[in-house]
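Colleague: Counting from 44, one number per residue, gives the positions in the sequence shown under the working numbering.
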Amino acid sequence: MRVAPPGTATVPADPDCVALVEIELCGELIIAASAAAGERLSADRIDEVLRVAAERAVEDR
Numbered sequence: 044m045r046v047a048p049p050g051t052a053t054v055p056a057d058p059d060c061v062a063l064v065e066i067e068l069c070g071e072l073i074i075a076a077s078a079a080a081g082e083r084l085s086a087d088r089i090d091e092v093l094r095v096a097a098e099r100a101v102e103d104r
């Protein structure tokens, strides 16, 4: 799994907003895990759920 270095993520600075985004992402991971056929999510699937590739595409523009 790839994670953006500190300070490069496009997350609002308000702690409440950050917490809500984190909760939403955790929820999406839980949903993906419950729908997965195997015991674990692959690193690629986690990146897909967390939209890592989409964030990188935006950063590369």
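C-beta atoms are modelled at their ideal positions from N, C-alpha and C, and glycine is treated no differently.
From a predicted model like this one, the values you see are computed outputs, not experimental measurements.
What is the rounded straight-line gap between the Cα of LEU68 and the Cα of ASP103?
Modeller: The residue you call residue 68 lines up with position 25 of the sequence shown. The residue you call residue 103 lines up with position 60 of the sequence shown. Inter-residue distance for LEU68 and ASP103 is about 22 Å (C-alpha atoms, whole angstroms).
Colleague: So, using beta-carbon positions, are LEU72 and VAL95 closer together than 8 Å?
Modeller: For the purposes of this step, residue 72 is taken as residue 29 along the sequence shown, with counting starting at 1. For the purposes of this step, residue 95 is taken as residue 52 along the sequence shown, with counting starting at 1. At the C-beta level, LEU72 and VAL95 stay beyond 8 Å of one another.
Colleague: Measure the alpha-carbon distance for PRO58 versus GLY70 and round it to whole angstroms.
Modeller: Position 15 of the sequence shown, counted from the first residue, corresponds to residue 58. Position 27 of the sequence shown, counted from the first residue, corresponds to residue 70. C-alpha separation (whole angstroms): 18 Å.
Colleague: Under 8 Å, do ALA97 and LEU84 count as touching if we go by C-beta distance?
Modeller: Position 54 of the sequence shown, counted from the first residue, corresponds to residue 97. Position 41 of the sequence shown, counted from the first residue, corresponds to residue 84. Taking 8 Å as the Cβ cut-off, ALA97 and LEU84 do not qualify as a contacting pair.
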